[in-house]
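First the structure, in the form of structure tokens, and then the observations on it.
There are 2 protein chains.
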Amino acid sequence: MAERAGQADGRADRILDAAAELLVRLGYRKVTIEDIAQLAGIGKGTVYLHWRTKQQLFEAVLLRESISYVEQLLDGLRRDPAMLLPHRFVSESFLMVGDRSVLRALSEAYVQQRQHRFADAFLHSQELLASERFYGLMIRHGLFRDDVPNLSYTLSAMMMGFHLNDAADLMGIEVDTRAKAESISFIVRHAFEPPEPPDPEELAKAASEVIDVFEALIPPYRTWIYAYERTHEPG
Amino acid sequence: MAERAGQADGRADRILDAAAELLVRLGYRKVTIEDIAQLAGIGKGTVYLHWRTKQQLFEAVLLRESISYVEQLLDGLRRDPAMLLPHRFVSESFLMVGDRSVLRALSEAYVQQRQHRFADAFLHSQELLASERFYGLMIRHGLFRDDVPNLSYTLSAMMMGFHLNDAADLMGIEVDTRAKAESISFIVRHAFEPPEPPDPEELAKAASEVIDVFEALIPPYRTWIYAYERTHEPG
DNA sequence: TGTTGACCAGATTTCATATTTGGTCACGAA
DNA sequence: TTCGTGACCAAATATGAAATCTGGTCAACA
């Protein structure tokens, strides 16, 4: 494995840390590779031993953060399987994203440069969370309704409206994150879940399956973060 | 009424027609007052006998279009009171907006210049449609649920997600307008309406009330379109 | 073998100049 | 006197050349 730089030394993570910190502090545009290298205490060229482009470096930042966030979700799920109920799951996620400055900064960057330069990057984190596998499983266990047209698109379009602030801006009001989460929770509860709550037994079973799915899903993505090679597709 | 230009001659409407046509053809930014005047066959200064600023002229364009669109809705409502059911009402509106090139162009302009220069203008058309009076009436007749948190914001945030195309872009797919309308209809049906459909009697009554409310609401707005004076508030 | 920073081309910013355009108003037509 | 106009102005915007910055490479070095 010639091109992988010292693997146990955590240098890649130090670079990602630096990138993340500067990202939050300055925003995507203003962060330069040199800044990052300096903050990580290494030479500029070294960054390129880990990732081919700035783009890819920040995809790695996004992906690492997304994984950590999925793990946070899984933790919650282990503590309380009822968190798998979509209205809790989805609104909880919404709040968690709002709490993660790195994700906030990246989605900021996405919104600003209206070009879909970041679409790819987000796709990864999207795939991660929104894999068809996940939806299939949720429907099979009766957690999502099976008659929502275009489920995954419909859900994310709806969410998008709350993420961007345009609706509030237009109405000339401010809506705090908590209130948004309540709206989301309400919509999901009534439009995306079956009327009757699932059997608790079933729920627990589904929860453990979901945990398994994601735990199996994460490692290849994590590898991809640090892997110099490929431009696409983890596992 | 000294400052009102010849009122019966319809010159104001000719100007609005010209503005609308150029708007659709060139987009807000590229339309100049001079173009408009020329197309309307009048001098530039004359435009300013009707509206104080370019901004206000286009607010008038938007408002006139919005009124015509509300009237189209009311027509539908008169033909079939069941159109008042929110899931029909809302998704129908969504489709109608998509069909009106002027509204499309204007919301395009709003999205592009991310500044809220247009917020005011949209506010008018928003007020028009989304007046508290309307929601109150709908809830009272059992057409909207009474337990949706923050009803008017929640509804428009949700809609916003479908109007902007970000969700689809992000997922790298295309979703046609019809499919979006179905998603919207589904969400509204299940999350914003009470479980049981209303009594048809009640529905007809509500419909006629709504028609009355809007018919009373429209005239002041229409006046405002052509009124040279005031910068704000119609009625 | 792994790391680096000088180096380069292309992108971005800057800044001065040219052009456009929203808005006014003195004048002329009706 | 009333209404309509287009020449006019300041401010905004477009243009474009030059200066600067930055992603990415690679010969040299540890």
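Sequence order for the protein chains is A and B. The numbering of the first sequence is the working numbering, which starts it at 1 and goes up by one. The numbering of the second sequence is the working numbering, which starts it at 1001 and goes up by one. Glycine included, C-beta positions come from ideal geometry on N, C-alpha and C.
Residue j beta carbon less than 8 Å from that of residue i
i	j	result
A1019(B)	L1057(B)	yes
S156(A)	Y135(A)	no
I1036(B)	V1024(B)	no
A1206(B)	L1084(B)	yes
F1144(B)	F1192(B)	yes
L1164(B)	M160(A)	yes
S185(A)	H87(A)	yes
A267(A)	W51(A)	Nothing in the structure corresponds to residue 267(A), since chain A is present only between 1 and 235.
A82(A)	Y28(A)	no
L103(A)	V97(A)	yes
V1090(B)	V1188(B)	yes
L63(A)	Y221(A)	yes
I218(A)	V31(A)	no
Min CB distance residue i to chain B below 8 Å
i	result
H190(A)	yes
L156(A)	Residue 156(A) is actually Ser in this sequence, not Leu. Yes - at least one Cβ of chain B is within 8 Å of the one on S156(A).
V210(A)	no
F186(A)	yes
P149(A)	yes
F162(A)	yes
D146(A)	no
A109(A)	no
A37(A)	no
A167(A)	yes
Y153(A)	yes
Q7(A)	Any answer about Q7(A) is weak, because its pLDDT of 44 lies below 50 and its placement is not dependable; what the coordinates show is given next. No, because no Cβ of chain B sits closer than 8 Å to the Cβ of Q7(A).
E233(A)	The pLDDT assigned to E233(A) is 41, lower than 50, so where the model puts this residue is not dependable, and the model offers no usable value.
Y221(A)	no
Within-8 Å CB hit, residue i to chain A
i	result
E1182(B)	yes
D1176(B)	no
M1138(B)	no
Y1028(B)	no
T1179(B)	First, the residue type needs correcting, since residue 1179(B) is Ala and not Thr in the sequence shown. For A1179(B), the answer is yes, since a Cβ of chain A falls inside 8 Å of its Cβ.
I1173(B)	yes
M1001(B)	Because M1001(B) sits at a pLDDT of 35, beneath the cut-off of 50, its placement in the model cannot be relied upon, and the following sentence gives the value as read from the coordinates. Not an interface residue.
A1012(B)	no
A1020(B)	no
M1159(B)	yes
Neighbour-count burial assignment, residue i, 16 or more Cβ in a 10 Å radius
i	result
S1066(B)	buried
I173(A)	exposed
T154(A)	buried
K1180(B)	buried
A216(A)	exposed
E132(A)	exposed
E92(A)	buried
E3(A)	Residue placement at E3(A) cannot be trusted, given a pLDDT of 37 that sits under 50; the coordinates are not used to answer.
D16(A)	Residue identity differs from the one stated: residue 16(A) is Leu in this sequence, not Asp. Buried, by the Cβ-count rule.
E1013(B)	For clarity, residue 1013(B) is Asp in the given sequence; the question names Glu instead. So D1013(B) ends up on the exposed side.
D166(A)	buried
R11(A)	buried
L170(A)	buried
A22(A)	Looking at the sequence shown, residue 22(A) is not Ala but Leu. With 16 or more other Cβ atoms within 10 Å, it is buried.
L26(A)	exposed
W1224(B)	buried
R1140(B)	exposed
H1232(B)	With a pLDDT of 40 at H1232(B), under the threshold of 50, the modelled position of this residue cannot be trusted; read the value that follows with caution. So H1232(B) ends up on the exposed side.
heavy atom of the ligand FMN below 7 Å from residue i C-beta
i	result
P220(A)	The model on display carries no ligand, and the ligand FMN is accordingly not part of it.
Rounded Cβ spacing between residue i and residue j (contact assumed at less than 8 Å)
i	j	result
P195(A)	G142(A)	With 8 Å as the limit, P195(A) and G142(A) do not qualify as a contact, their Cβ atoms being about 11 Å apart.
Three or more C-beta pairs closer than 8 Å, one from the segment 1203-1222 of chain B and one from the segment 1062-1081 of chain B: is that the case here? Yes, the segment 1203-1222 of chain B touches the segment 1062-1081 of chain B.
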